[in-house]
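Beneath this line is the structure, given in structure tokens, with notes to follow.
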Amino acid sequence: MKKTTINSAHYHLGGKMVDFFGWDLPVQYSGLSEEHNAVRTSGGIFDVSHMGEIFIKGDSALDAVQYITSNNISKLKPGKILYTALPTENGCFVDDMLVYMITEKEYLLVVNAANLEKDFKWISSKVERFGVSAENLSDKYTQIAVQGPNAEKLLTQFTSDKIGELKYYYFLTGKIGNIDAIISRTGYTGEDGFEIYFKADEKTASDLFINLAEKGKDLGIIPAGLGARDTLRLESKMSLYGNDIDDSHTILEADLGWILKFKQGDFIGKEPLLKQKEEGIRRKLVGFELVEKGVPRHGYKVFIDGKHYSEVTSGTFAPFLRKPIGLVYLPIEHSEVGSRFHVEIRGKQIEAMVVETPFYKRSS
Amino acid sequence: MDLTNYKFSKDHEWVKIEDDIASVGVSDYAQKEMGDVVFIELPEKGSSFVKGDACSNIESVKAVNDIFSPLSGEVVDVNTTLEDTPENVNKDPYRSGWIYKIKFSDPAELTDLLDANQYEEYLKGI
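Chains as they are written, first to last, in this note's numbering: chain A, 26 to 389; chain B, 25 to 150.
Right under this line is the structure:
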């Protein structure tokens, strides 16, 4: 199994390890709900080194990245980040990702671990004609996410860079401890927080992680695993590739129209998406709550007026909101808030209702 | 706590016998493994199970967990207070976290269960 540079720290901190797409990573340490709620109220530290880092370099880097993504890369400036899709030719998802503009000639693309090989192959083949290089440096980079209202307080103890001045979706290149790092104000939890990318050996990376956990204690910040990462992102209605977005649902159907910038020029998948926008979508990803008791889970069947229509794409009992929530594709005529349908749970039809999303939104 | 009067299955259910009725719950080890319990699908009063049947489900945030009846018999009572306080399975698994009571039909099945010491030994091997 693949190990991140932080692997030994997970064992040291009592992480419960699982095989996550070939990576030996902690699903939890002290407990999923405890970690989830710590992130909402104080903070959590995550090893997300399995994420992929692909660098695009060359004179036409801007044009190349613009062509392979749906959002408008030309509005970036150095130090700014954009959430975007890597669309298929028919307007669905190869993946979703973050784009960091380092300079006009260099961009960092952060992609999902499970898709890394596929993405890198896709990206390499698509940017070739722009004469730019695509380099997969995922194995070289460690990534730690520090998330939660106290994240800044903790990190300022580890860097002299002015991270407090960073706005949401901006980054700086500086130092964490004495290690060169990219520090960005981003995250996958719905809270304020930072994601830190750096190159380090196992000892340095593990020591840093343990140090963060140690110093975090006084601030209520604890190590958090993949379980909490998943429930946190779902409460905040952030999509997960393979669950809520994939290569068979379009960006419009996924309700991510805001990352489509049709005026930016040509990009992969633009024509079918434009056509679908004009004609209107027939199904849409929506958030729901169960009206009756139960917990909806990924893959459970969804019925509308007694007829099987789709499956729950993501579902859980929301640890902070304390209610059963989920995401599902519904026909557009059934997608308005308040619409009722049923989720089949162990043979029983449990009533559910479409609700406003995100389920959770931080107040500050 | 004193678990002298409790017996355990290898699926991590406990039973406590009073005459021909056994209370059934899940062990402290099981509740820790499940984590935050949020909903329990109780068996129906009056239903009958054969030892090993999945008779109830415990939903935690993490996953759904089957409860396998450690004894054969008829369900004579269910702990409806868990409908509003499912967290009792976490907080107090051996007392207020009981799930159902079964009138067991085959006392010989009790010999298949482990006592507290045997169960503790069994957990060491997991």
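For each residue, glycine too, the CB sits at the ideal point set by N, CA and C.
These figures come from a predicted structure and were not determined experimentally.
Strictly under 8 Å for the Cβ-Cβ distance: is residue i near chain B by that measure?
{"i": "Phe345 (chain A)", "result": "no"}
{"i": "Ser58 (chain A)", "result": "yes"}
{"i": "Thr29 (chain A)", "result": "no"}
{"i": "Thr256 (chain A)", "result": "yes"}
{"i": "Gly252 (chain A)", "result": "yes"}
Exposed or buried, what is residue i when buried is set at 16 or more other beta-carbons lying within 10 Å of its beta-carbon?
{"i": "Ser84 (chain B)", "result": "buried"}
{"i": "His367 (chain A)", "result": "buried"}
{"i": "Ser185 (chain A)", "result": "exposed"}
{"i": "Gly252 (chain A)", "result": "buried"}
{"i": "Phe46 (chain A)", "result": "exposed"}
{"i": "Gln182 (chain A)", "result": "exposed"}
{"i": "Leu107 (chain A)", "result": "buried"}
{"i": "Asn29 (chain B)", "result": "exposed"}
{"i": "Val362 (chain A)", "result": "exposed"}
{"i": "Trp147 (chain A)", "result": "buried"}
{"i": "Met26 (chain A)", "result": "exposed"}
{"i": "Thr113 (chain A)", "result": "buried"}
{"i": "Asp144 (chain A)", "result": "buried"}
{"i": "Gly324 (chain A)", "result": "exposed"}
{"i": "Val136 (chain A)", "result": "buried"}
{"i": "Gly372 (chain A)", "result": "exposed"}
{"i": "Met122 (chain A)", "result": "buried"}
{"i": "Lys86 (chain B)", "result": "buried"}
{"i": "His333 (chain A)", "result": "exposed"}
{"i": "Pro103 (chain A)", "result": "exposed"}
Quick one: which chain A residues come within Cβ less than 8 Å of residue i?
{"i": "Asn81 (chain B)", "result": "Arg371"}
{"i": "Gly59 (chain B)", "result": "Gln53, Gly56, Leu57 and Ser58"}
Report the CB separation of residue i from residue j in whole angstroms; it is logged as a contact under 8 Å.
{"i": "Ile375 (chain A)", "j": "Leu315 (chain A)", "result": "6 Å"}
{"i": "Ile82 (chain B)", "j": "Met58 (chain B)", "result": "6 Å"}
{"i": "Phe73 (chain A)", "j": "Gln168 (chain A)", "result": "Inspection of the sequence shows that residue 73 (chain A) is occupied by Val rather than by Phe. Right, their Cβ atoms sit about 5 Å apart."}
{"i": "Leu38 (chain A)", "j": "Ile235 (chain A)", "result": "7 Å"}
{"i": "Thr382 (chain A)", "j": "Lys262 (chain A)", "result": "4 Å"}
{"i": "Tyr54 (chain A)", "j": "Pro248 (chain A)", "result": "5 Å"}
{"i": "Thr30 (chain A)", "j": "His75 (chain A)", "result": "That belief does not hold up - the Cβ atoms of Thr30 (chain A) and His75 (chain A) are roughly 11 Å apart, past 8 Å."}
{"i": "Ser33 (chain A)", "j": "Glu227 (chain A)", "result": "7 Å"}
{"i": "Leu106 (chain B)", "j": "Val99 (chain B)", "result": "14 Å between Cβ atoms; not a contact."}
{"i": "Ile175 (chain B)", "j": "Ser80 (chain B)", "result": "This structure cannot settle anything about residue 175 (chain B), because the visible part of chain B is limited to 25 through 150."}
{"i": "Glu177 (chain A)", "j": "Gly215 (chain A)", "result": "Going by Cβ atoms, the distance from Glu177 (chain A) to Gly215 (chain A) rounds to 16 Å, so no, they are not a contact pair."}
If you follow the beta strand (DSSP E) that residue i is part of, which residue opens it and which one closes it?
{"i": "Lys143 (chain A)", "result": "Looking at the DSSP string, Lys143 (chain A) is not in any beta strand (DSSP E); the run it does join, the alpha helix (DSSP H), is Leu141 to Val152."}
{"i": "Arg387 (chain A)", "result": "Premise fails: Arg387 (chain A) is in no beta strand (DSSP E) and is neither H nor E."}
{"i": "Met76 (chain A)", "result": "No beta strand (DSSP E) holds Met76 (chain A); DSSP gives it neither H nor E."}
{"i": "His274 (chain A)", "result": "Looking at the DSSP string, His274 (chain A) is not in any beta strand (DSSP E), and its letter there is neither H nor E."}
{"i": "Gln55 (chain B)", "result": "Here Gln55 (chain B) belongs to no beta strand (DSSP E); instead the alpha helix (DSSP H) covers Asp52 to Met58."}
{"i": "Ile246 (chain A)", "result": "Ile246 to Pro248"}
{"i": "Glu65 (chain B)", "result": "Val61 to Glu65"}
{"i": "Ser367 (chain A)", "result": "Strictly speaking, residue 367 (chain A) in this sequence is His, with Ser absent from that position. Here the beta strand (DSSP E) through His367 (chain A) covers Arg365 to Ile370."}
Residue i versus chain A: which residues are under 7 Å apart at the beta carbon?
{"i": "Val62 (chain B)", "result": "Val320 and Phe342"}
Determine, for residue i, whether the minimum Cβ-Cβ distance to residues of chain A falls below 8 Å.
{"i": "Val9 (chain B)", "result": "For chain B, the structure presents residues 25 to 150; residue 9 (chain B) sits outside this window and is missing."}
{"i": "Gly121 (chain B)", "result": "no"}
{"i": "Val102 (chain B)", "result": "no"}
{"i": "Val85 (chain B)", "result": "yes"}
What residues of chain B sit near residue i, judged by a beta carbon separation below 9 Å?
{"i": "Gly40 (chain A)", "result": "Going along chain B, no residue has its Cβ under 9 Å from Gly40 (chain A), so there is no contact; the nearest lies around 14 Å."}
Give the range of the alpha helix (DSSP H) segment to which residue i is assigned.
{"i": "Pro297 (chain A)", "result": "Lys295 to Glu304"}
{"i": "Thr390 (chain A)", "result": "Residue 390 (chain A) lies beyond the stretch modelled for chain A, which goes from 26 to 389, so this question has no answer here."}
{"i": "Ala132 (chain B)", "result": "Where Ala132 (chain B) is concerned, there is no enclosing alpha helix (DSSP H), given that its DSSP letter is neither H nor E."}
{"i": "Thr66 (chain A)", "result": "Leu57 to Thr66"}
{"i": "Asp88 (chain A)", "result": "Ala86 to Ile93"}
{"i": "Asp255 (chain A)", "result": "Leu251 to Glu260"}
{"i": "Val379 (chain A)", "result": "Counting along the chain, Val379 (chain A) falls outside any alpha helix (DSSP H), though it belongs to the beta strand (DSSP E) covering Lys373 to Val380."}
{"i": "Val147 (chain B)", "result": "The sequence shown places Leu at residue 147 (chain B), not Val. That run of the alpha helix (DSSP H) goes Ala140 to Lys148."}
Is residue i near the ligand ATP, with its Cβ less than 7 Å from a heavy atom?
{"i": "Asp84 (chain A)", "result": "Absence of the ligand ATP from the depicted structure is noted, as is the absence of any ligand whatsoever, leaving it without description."}
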